[in-house]
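Engineer: First residue of the sequence shown: 309, per the numbering used here; consecutive thereafter. All C-beta atoms in this analysis are idealised placements derived from N, C-alpha and C, irrespective of residue type, glycine included.
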Amino acid sequence: MTDQPDSVPKPAASAPSQVSLELPATLDATYANFAIITHSPSEMVIDYARVMPNTPKSKIVARIVLTPMNAKLLLRALTDNLAKYESQYGEIVVPTGLADQLFKPPKPE
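(1) Looking at residue 369 and residue 357, is the spacing between their C-beta atoms short of 8 angstroms?
(2) Exposed or buried, what is residue 377 when buried is set at 16 or more other beta-carbons lying within 10 Å of its beta-carbon?
(3) For residue 360, count the other beta carbons within 10 Å of its own beta carbon; 16 or more makes it buried, fewer makes it exposed. Which is it?
(4) Can you grab the Cα-Cα spacing for the pair residue 404 / residue 345, in whole Å?
(5) Straight-line CA distance for residue 338 to residue 324?
(6) Measuring only the C-alpha atoms, how far is residue 398 from residue 389?
(7) Would you mind reading off the limits of the alpha helix (DSSP H) that contains residue 377?
(8) Looking at the strands, I want to know which residues DSSP matches up with residue 353.
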């Protein structure tokens with residue numbers, strides 16, 4: 309049994325709204341080739357860094373904090389975009405042992 313009569317209309321599902329985004333002219337792009345991902349029960353934190361060969365210390369260049377749901381939506385969007393990229397340009401091959409290849413000390417001559 310329900311408290312509402314059958315004649316009460318159900319709320320209509322709202323259509324997704326358009327979001328207007330502004331890209332500031334002064335916004336600098338930041339290059340990162342390394343990410344550290346941590347989480348708490350309510351947040352996912354992605355710290356981005358530039359790690360250079362033969363450099364013992366690197367600096368975090370950006371930190372993004374997301375809800376777990378937004379992190380999952382980001383994963384879905386990245387997966388979709390990588391699939392589109394690979395269908396246009398070919399498979400991205402990730403070499404095994406990439407970190408060892410890029411960041412090992414130089415061999416003595």
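Structural biologist: With the given structure in hand:
(1) On the sequence shown, residue 357 is found 49 positions in, with the first residue counted as 1. On the sequence shown, residue 369 is found 61 positions in, with the first residue counted as 1. Against a cut-off of 8 angstroms, the Cβ pair of residue 369 and residue 357 comes out as a contact.
(2) Stepping through the sequence shown from its first residue, residue 377 is reached at position 69. Exposed: under 16 other Cβ atoms inside 10 Å.
(3) Against the sequence shown, residue 360 aligns to sequence position 52. Only exposed fits residue 360, as fewer than 16 other CB atoms lie within 10 angstroms of its CB.
(4) The residue you call residue 404 lines up with position 96 of the sequence shown. The residue you call residue 345 lines up with position 37 of the sequence shown. The straight-line gap from Cα to Cα measures roughly 21 angstroms.
(5) Within the sequence shown, residue 338 is the residue found at index 30, counting from 1. Within the sequence shown, residue 324 is the residue found at index 16, counting from 1. Roughly 31 angstroms separates the two Cα atoms.
(6) Here residue 398 corresponds to residue number 90 of the sequence shown, with the count starting at 1. Here residue 389 corresponds to residue number 81 of the sequence shown, with the count starting at 1. Each residue's alpha carbon lies about 13 angstroms from the other.
(7) Working through the sequence shown from its first residue, we reach residue 377 at position 69. Per DSSP, residue 377 belongs to the alpha helix (DSSP H) from 376-397.
(8) Walking along the sequence shown from the start, residue 353 turns up at place 45. Note: residue 353 sits in a beta bridge opposite 346, 373.
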